[in-house]
Amino acid sequence: MTIGAILMAIILLLVNVTGISGMLGKASVSETAGASGTASVSDKASIPSFGGGTIEGPGFAMPEDAAKAYLMGLKAQDMGAMLSTFAIESYVDNYDFEVQIERLMMYQYNAEIRFPNTNDYARRMNIASRASQITGLIIYQYMKFNTPEALNNSKFVTIDPGTTSDFIKKFERDTKDYIFEDLEITGTQKPEDLCDVYLNKKNQEAIANHAKTFGADIEDVANVVITFEANGDDWIFCPQLVRYNGKWYMQMLQVNLANIMAFEHYNGGIIGIN
């Protein structure tokens, strides 16, 4: 059994029994909820854990708030907080399985949503698959910025006889300090100011076509740019967000804007700008 399959099985069990958000520890970004239940985020917040048997949190008033909440979870090294900023259950419930297959003209067994929501069991497996996918991307992001360079991009590393101890010591040394421990959000930018291709008609059509697969219109999708400081450097974070029922969630760490700017896949939408 692969690591991914094991991870998916564990998440499925947690979702089925109690809901993952309560099991992953205290989460999140300081938030204030209005009558709608959406959360708004301050730049220096600490996020509460969201219960109710769901992985995703209540959503946010603005797309930038969801992105900032993710960064606060990243700073706190809180997997539950980071996952709670994503559309998980809402994503599965709105996903258009038929559109995805038509878009690719094939069925992929390892797609982000693997089944039509035929029954509750299939839905829970889709939820587990979505959470597993996001968890894997968060792990890749951690490895990119907090482990030896030789391990980046998911490459296999061969170990010469007699050097295992040195390899482990270097691995432990590199993961001892956390690069985002002192992360401070400094502001936002418009995506078109960062990349003029973003507002190009064909690019906007590409966003709209992709959005159909997860049940959203173009006005319910946003790519944002959050600026922050960490480890003595300046950084930007460029995730894609989605709005369901008036609430904004993280859709993916790295999609349109980060990809057209040629971020490496394992960056998870983050890059240093020094």
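Count the sequence shown with the numbering used here and you get residues 879 to 1152, in order.
Heads up, the beta-carbon is just placed ideally off N, CA and C, and yes, glycines get one too.
- Shown here, glutamate 934 sits in coil according to DSSP, grouped into three states, outside any helix or strand.
- Less than 8 Å divides the Cβ of asparagine 995 from the Cβ of valine 970.
- Here valine 977 has Lys1090 and Thr1091 as same chain residues with Cβ atoms under 8 Å from its own Cβ, once five neighbours each way along the sequence are excluded.
- Residue Thr1105 holds the alpha-carbon nearest to the alpha-carbon of methionine 950 among Phe975, Arg1121 and Thr1105.
- Annotation note: the region 1076-1150 contains the following uninterrupted beta strand (DSSP E) runs of length 3 or greater, listed N- to C-terminal: 1099-1101, 1103-1108, 1111-1115, 1118-1122, 1125-1130 and 1148-1150.
- Threonine 1013 carries a helical assignment under DSSP once its states are collapsed to helix, strand and coil.
- For the pair phenylalanine 1115 and isoleucine 1148, the CB atoms are nearer than the 8 Å cut-off.
- Following the DSSP letters along the chain, one finds glycine 1040 in no beta strand (DSSP E), marked with neither H nor E.
- At a cut-off of 4 residues, the continuous stretches assigned as alpha helix (DSSP H) that sit fully inside the region 922-1006 are 941-954, 957-962, 967-972 and 975-982.
- According to DSSP, glutamate 1062 shares a beta bridge with Glu1107.
- Residue pairing for glutamine 1067: DSSP places it in a beta bridge opposite Val1103.
- Each residue's CA atom was taken as its position, placing serine 1007 and cysteine 1073 some 32 Å apart.
- In the pairwise beta carbon analysis, the region 1134-1148 is classified as touching the region 1008-1020: at least three pairs are separated by under 8 Å.
- Here the alpha carbons of glycine 1040 and glutamine 1132 stand approximately 39 Å from one another.
- In the three-state scheme derived from DSSP, where H, G and I count as helix and E and B as strand, tyrosine 1018 is classed as helix.
- Around threonine 1053, the same chain offers Asn1024 and Thr1025 as residues with beta carbons nearer than 7 Å, after the five sequence neighbours per side are excluded.
- Cα atoms of alanine 939 and aspartate 1044: separation of roughly 49 Å, rounded to the nearest angstrom.
- Taken through DSSP and simplified to helix, strand or coil, threonine 1053 comes out as helix.
- About 5 Å separates the beta carbon of isoleucine 1138 from that of valine 1075, a gap short enough to meet the 8 Å contact definition.
- In this structure, the straight-line span from the alpha carbon of glutamate 967 to that of threonine 1042 is close to 42 Å.
- Taking C-beta separations shorter than 7 Å and ignoring five residues to either side along the sequence, the partners of glutamate 942 in its chain run Thr1066, Val1102 and Ile1104, following chain order.
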